[in-house]
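Just so you know, we're using my numbering here: the sequence shown kicks off at 219 and counts up by one.
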Amino acid sequence: SRNDGGQYVLKAMKVREEISESAVRVSMSRFTTKTEVEDFIKSLREAVMLLKF
Numbered sequence: 219s220r221n222d223g224g225q226y227v228l229k230a231m232k233v234r235e236e237i238s239e240s241a242v243r244v245s246m247s248r249f250t251t252k253t254e255v256e257d258f259i260k261s262l263r264e265a266v267m268l269l270k271f
């Protein structure tokens with residue numbers, strides 16, 4: 219999102235601004251299933267491939 223919600227963490231980690239501006243925040247809980255994580259990873263990989271080309 220465009221607000222600074224969470225970017226302070228990346229700044230504290232000394233992540234360069236141009237990197238932190240394109241960061242993706244992922245949240246999980248103890249209720250998140252292995253299948254949901256695997257589905258997310260698959261979708262993320264597909265999205266990254268589309269962005270690369």
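C-beta atoms are modelled at their ideal positions from N, C-alpha and C, and glycine is treated no differently.
Item, Value
"Return the CA-CA distance between M267 and K260, expressed in angstroms with no decimal places.", "11 Å"
"Considering only their Cβ atoms, is the gap separating S240 from Q225 smaller than 8 Å?", "no"
"Tell me which same chain residues have a C-beta within less than 6 Å of the C-beta of A230, skipping the five on either side of it?", "none"
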